[in-house]
Amino acid sequence: MKGIKIELLGIATILLGIAVTTNNFFGYVLGFLGFGVAVAGCFLKDKH
Numbered sequence: 160m161k162g163i164k165i166e167l168l169g170i171a172t173i174l175l176g177i178a179v180t181t182n183n184f185f186g187y188v189l190g191f192l193g194f195g196v197a198v199a200g201c202f203l204k205d206k207h
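The number in my numbering is simply the position in the sequence shown, starting from 1, with 159 added.
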């Protein structure tokens with residue numbers, strides 16, 4: 160399961176990079192918010 164979390168974190172990083180390159184305030188906010196959710200999800204314990 161840890162490999163999947165790392166992969167999702169990589170995808171979130173790529174999407175954050177795309178959001179930051181668009182000169183849009185909402186892109187910045189939602190990009191960092193999504194990245195924060197992905198990072199928080201990596202540190203939460205699984206229920207399995």
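We put the CB at the ideal spot given by N, CA and C, even for glycine. Small disclaimer: the values here were computed from a predicted structure and weren't measured.
Cutoff 7 Å; reference residue i; Cβ partners in own chain excluding five residues on either side
| i | result |
| --- | --- |
| residue 197 | 167, 168 and 171 |
| residue 201 | 164 and 168 |
Distance, residue j Cα to residue i Cα
| i | j | result |
| --- | --- | --- |
| residue 179 | residue 161 | 27 Å |
| residue 188 | residue 173 | 15 Å |
Sequence-distant residues of its chain with Cβ nearer than 6 Å to residue i (five each side left out)
| i | result |
| --- | --- |
| residue 194 | 171 and 175 |
| residue 177 | none |
Contacting residues, own chain, Cβ-Cβ under 8 Å from residue i (five flanking each side not counted)
| i | result |
| --- | --- |
| residue 181 | none |
| residue 184 | none |
Review point. Which whole runs of the alpha helix (DSSP H) in the region 169-206 are 4 residues long or more, in chain order?
Key: Taking 4 residues as the shortest admissible run, the region 169-206 contains the following complete alpha helix (DSSP H) segments, listed from N- to C-terminal end: 184-202.
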